[in-house]
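So for the sequence shown, our numbering puts the first residue at 7; every next one is plus one.
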Amino acid sequence: MHAISDPEEKKRNLFLAEFMIPIVKGGGTEMGIEVTSLGIQIHGGMGFIEETGAAQHWRDSRITTIYEGTTGIQANDLLFRKLMRDQGATAKVVFGEVYVTAKALGASGKPELQAIGQRLGAALKAWTDATEWLAANAKTSLSGVLTAAVPYLHLAVTVSGGWFMGKAALVAAGYLDKGEGDQTFYRAKIATAHFYADQLLPQAASYAETVKAGDAALAAFTDEMF
Ligand SMILES: Cc1cc2nc3c(=O)[nH]c(=O)nc-3n(C[C@H](O)[C@H](O)[C@H](O)COP(=O)(O)OP(=O)(O)OC[C@H]3O[C@@H](n4cnc5c(N)ncnc54)[C@H](O)[C@@H]3O)c2cc1C
């Protein structure tokens, strides 16, 4: 760690941290609900029965997407404040970092890391495409962009998760190569990143499609239909 004196670098790092806040809060809390719900599911009827305690974890998680800024508000924050305030400049820094990670995974010479890198590259493409769509529609279709906010947050969360997992996998591979530390732990890091890449990263493409659909379907609903 070192103190940063350059004001431009300070501002860049601050914007980067602020950009990640809705992604970390929104993504972490939404994932908490999914994980605790899955916790009930894998225990079957016993999971649902109150005495086993699994449902309590779900209930404790359920509030986290509501207080300290609902997911909808986190999504608006990401889009209208963090993404648009500097016309996507901070987003481009993040995209560049994700690209560097995907490239390093691809160049690693290890098949499971290369597989993660390939998935991460495709997910990043979905994220940049959706961001370009938002930039192109921000002025002319506010309701389309508003409709896209939560899917866009999910997209950012999905790709960021793959990015962090990819970085962790690269570090783990380094320790495995050197034969240092807890080898099983590092193999588990790579296996987890590979699982995430295969099972979750492909969702980025569908979130991007949802973003780009805007409010075309939603706009057809009228009050009488409810
Ligand atoms: C157990 C508990 C503890 C709490 N503790 C505190 C506390 O210590 N201090 C404190 O200040 N508050 C506290 N709160 C309040 C909490 O911050 C609010 O519940 C939260 O901000 C959501 O506001 P709301 O409940 O009025 O929901 P609403 O604002 O009515 O939101 C309802 C839904 O509409 C969506 N929505 C609303 N506006 C928009 C918009 N503009 N764009 C998109 N979607 C939107 C939301 O995302 C949400 O899904 C607590 C709440 C609970 C349940």
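Beta carbons are placed, not taken as given, at the ideal position from N, Cα and C, and that holds for glycine.
DSSP places LEU89 within a helical segment (H, G or I) once states are collapsed to three.
Our two residues, PRO157 and LYS218, have alpha carbons roughly 10 angstroms apart in a direct line.
Here DSSP, grouped into helix, strand and coil, assigns LYS98 to helix. For the segment 176-223, the full-length alpha helix (DSSP H) segments reaching 4 residues or more read 189-205, 209-219 along the chain.
Any heavy atom of ligand 1 within less than 5 angstroms of a residue's beta carbon puts that residue on the list, which reads TYR73, THR76, GLY78. Comparing C-alpha distances from ALA141 to each of GLY220, PHE232, ILE196 shows the shortest one belongs to GLY220. About 35 angstroms separates the CB atoms of ALA223 and ALA199; that is not less than 8 angstroms, and the two are not in contact. The criterion of a C-beta distance shorter than 8 angstroms is not satisfied by LYS88 and THR76.
Boundaries of the alpha helix (DSSP H) around LYS17: 13-48.
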